[in-house]
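Peer 1: Take a look at this one; I'll ask things after.
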Amino acid sequence: MTLYLLAFAAGMLTLLSPCILPVLPFVFARQGRPFTQGPLPLLAGMALAFAAVASLGAVAGAWAAQLNQVGRGFALLCLALFAASLMLPGLARWWSRPLVNAGERLARLETRSPWLGSALLGVATGLIWSPCAGPVLGLVLSSAALLGPSAHTSLLLLSYAAGAAVALWAALRLSANTLATLKARWLPGVAGRRVVGAAMLAGVVAVATGLDTRLLGAFSGAGGAGLEASLLQRVMPAANAAELPDGNAARPDNGAPRPSKLPVESTRASLDGGTQWLNAAPQSIPALRGKVVLVNFWTYSCVNCLRTLPYVKAWAQKYADRGLVVVGVHAPEFAFEKDPGNVKKALKDLQISYPVVQDNDFRIWRAFGNQYWPALYFVDAQGRVRHHQFGEGGYAASERVIEDLLREAGAATANTAQAAVQADTQGLGLAADTDTLRSPETYLGYEKGGGLRVNGSAMPEKATSYTPAALQANTWSLAGNWTLKPEYVEANQAGNRLALRFQARDANLVLGAVSGQPLRFRLTLDGQPPGINHGTDVDAEGNGRLDATRLYQLVRQSGAVKPRTLEIQFLDPGARGYAFTFG
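Below, the structure is given as structure tokens:
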């Protein structure tokens, strides 16, 4: 129930987001109607249509994306016809008479059945609405993609849409008197209808041409995302700081068991159901009784996971002889991460020696009730989860938890005032510079992707030649012949280019290749070789080599961090780009 209320609240906060602007003309077109004939059916139709399309899109493949594009186009046509009928009731009959008849039929429908007309207008609005995906909506959609379709996911999406609908209704109520006065004094009769129709038509043009997303890209940090993240943190906190052991008091340890103040979060911890154990014999929680177990959910192309990894490896080494067992649960985000050969290579490259199990079916993930990459679960000697850490950070507190649980188990440890581990955090392991970070993770595949700027329309699953459009903040473009796939974009010929406008100290890209053979690429930063701003996988001249499907660090700005444009030219065909990440 808590998550439903959280989704509802996040939907209400959508009203503070710039992404609501394109649908306002359609919503306010019902202003002045009785509640049951105008706002109620319109907002209900919008909420139901959005929930249905989002539920389908979160779990389905290319056919769903194409079907949604058809439905979106039909909705835009209907809205344009309705707007035209409001603006020009006597539209010249020589101009495409069948379309005019359709628009007039829509107008007559609302006269005969105001409830049905408003509901249809709401459904059309729901088909074109693309809310800004804040933390809560992102959590719901990613859970749906990972765990498959369910009534729970659909109800969460409906709760989100219902929250947005309630917020829009409140805005209608608060603005009713102002709009009524404006209409009576300045826009009476036909003039008022024409202004509403013009606003609707402007909204249709903006959505159809992608102008809405280009304009809203400049406001990517605006809106209620901060409030939404705060709500999520309060409801699903990453750590119980009040319950953490005191890391400042020096307490000599004689090896005697000492009860911990940490609460028992769960007794259902299980390592059963994994796809396969990659570098060790199978482990289980019952067999590890008497040991303190640190379970790390990760995936090898996740930059947040890679930044946490140096600490996890250091703890595994430091506390191994005192009773700590670290287990990595590799839960894939992309299809290539399901390949055991790829994961084994990553274990070797990353020098991971503690046991790692592949969890391609997310059975261990679900057993822990996990929802994040990375996520650390601290299991005591009795097999109970006593603490968790979601996401990066909290390293000192996590180490104090390890010390506390080892002490509770009777293991001889040094006093808690000793120095924390010194992790090797160079390269991808260096913590993100959150003070200058302004760019979010950006997926390139059409299932979760957004921000693509090309001239013309994007064509999923079809080899298409693209020319880049102007880039705004946190948008990207393609040049050359590319194929858009659910998880990635694929370069079909040599010389293809991929560009991105971003602001962050580090810019990384998950890359792979069709053939698995090494491919060459060249990077420019604001049109020049990167020089001292090159990442670990690129030299100062911008030359790079794609030798495996993994995360590549392209840029690390050495001076003042400012908005930059990077462009990658692939010198060989067959490259695949999955997602940009930043630090």
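Following this note's numbering from start to finish, the sequence shown increments by one per residue and tops out at 1628. Beta carbons are placed, not taken as given, at the ideal position from N, Cα and C, and that holds for glycine. These numbers were taken from a predicted model, which means no experiment stands behind them.
How is the alpha helix (DSSP H) around residue 1443 delimited, first residue to last?
Peer 2: Here the alpha helix (DSSP H) through residue 1443 covers 1440-1453.
Peer 1: Excluding the five sequence neighbours on either side, which residues of its own chain have a C-beta within less than 7 Å of the C-beta of residue 1535, listed in chain order?
Peer 2: So the list reads 1527, 1528, 1559, 1621, once near-sequence residues are dropped.
Peer 1: Does DSSP put residue 1354 in a helix, in a strand, or in coil?
Peer 2: Note: residue 1354 maps to helix in three-state DSSP.
Peer 1: Sort out for me which residues DSSP pairs residue 1551 with in a bridge.
Peer 2: Residue 1551 pairs with 1601.
Peer 1: Is residue 1454 buried or exposed, if buried means 16 or more other CB atoms sit within 10 Å of its CB?
Peer 2: So residue 1454 ends up on the buried side.
Peer 1: Using 8 Å as the cut-off, can you tell me whether the segment 1345-1360 makes contact with the segment 1407-1420, which would need three or more C-beta pairs spanning the two stretches below that distance?
Peer 2: A contact exists between the segment 1345-1360 and the segment 1407-1420.
Peer 1: Spatial neighbours of residue 1492 within its chain, please: CB distance less than 6 Å, with the 5 preceding and 5 following residues excluded, ordered by chain position.
Peer 2: So the qualifying residues of the chain are 1531.
Peer 1: Assign residue 1334 to buried or exposed, taking buried as 16 or more other Cβ atoms, counted over all protein chains shown, within 10 Å of its Cβ.
Peer 2: Residue 1334 should be labelled exposed.
Peer 1: Would you check if the segment 1309-1320 and the segment 1396-1415 touch, i.e. whether three or more CB-CB distances between them fall below 8 Å?
Peer 2: Touching, yes, given that three or more Cβ pairs across the two stretches are closer than 8 Å.
Peer 1: Report the rounded CA-to-CA distance for residue 1364 versus residue 1596, giving the unit in angstroms.
Peer 2: Answer to the nearest angstrom: the Cα atoms are 29 Å apart.
Peer 1: Let's test the definition: count the other Cβ atoms within 10 Å of the Cβ of residue 1485 and tell me whether it reaches 16, buried, or not, exposed.
Peer 2: Looking at its Cβ environment, which holds 16 or more other Cβ atoms inside 10 Å, residue 1485 is buried.
Peer 1: Let me check one thing: in DSSP terms, what residues is residue 1510 bridge-paired to?
Peer 2: Residue 1510 pairs with 1526.
Peer 1: If we ignore side chains and look at the alpha-carbon of each, how far apart do residue 1324 and residue 1614 end up?
Peer 2: So the two alpha carbons sit approximately 37 Å from each other.
Peer 1: Going along the chain, which residues of its own chain have a beta-carbon closer than 8 Å to the beta-carbon of residue 1372, five neighbours each way excluded?
Peer 2: The answer, listed in chain order, is 1316, 1328, 1338, 1339, 1340, 1341, 1399, 1400, 1401, 1402.
Peer 1: Which term fits residue 1103, buried or exposed, when burial requires 16 or more other beta carbons within 10 angstroms of its beta carbon?
Peer 2: Because residue 1103 sits at a pLDDT of 48, beneath the cut-off of 50, its placement in the model cannot be relied upon, and the following sentence gives the value as read from the coordinates. Result: buried.
Peer 1: Does DSSP put residue 1546 in a helix, a strand or coil?
Peer 2: Residue 1546: strand per DSSP, three-state reduction.
Peer 1: Buried or exposed for residue 1428, going by 16 or more other Cβ atoms inside 10 Å?
Peer 2: Per the 10 Å Cβ criterion, buried.
Peer 1: If you reduce the DSSP assignment to three classes, tell me which class residue 1565 lands in.
Peer 2: Of the three classes helix, strand and coil, the one that applies to residue 1565 here is strand, per DSSP.
Peer 1: Report yes if the C-beta distance between residue 1473 and residue 1623 is below 8 Å; otherwise report no.
Peer 2: Going by C-beta atoms, residue 1473 is not nearer than 8 Å to residue 1623.
Peer 1: Along the alpha helix (DSSP H) that carries residue 1628, what are the first and last residues, could you check?
Peer 2: No alpha helix (DSSP H) holds residue 1628; DSSP gives it neither H nor E.
Peer 1: Which one or two residues does DSSP pair with residue 1401 in a beta bridge?
Peer 2: DSSP, once it has assigned bridges, lists 1373 as partnering residue 1401.
Peer 1: Here's a check: name, in chain order, each residue in its chain whose Cβ is nearer than 6 Å to the Cβ of residue 1581, leaving out the five neighbours to either side.
Peer 2: 1472, 1598.
Peer 1: Please state the DSSP three-state secondary structure of residue 1382.
Peer 2: It is helical.
Peer 1: Which residues share a DSSP beta bridge with residue 1311?
Peer 2: For residue 1311, which the question treats as bridged, DSSP gives the partners 1430.
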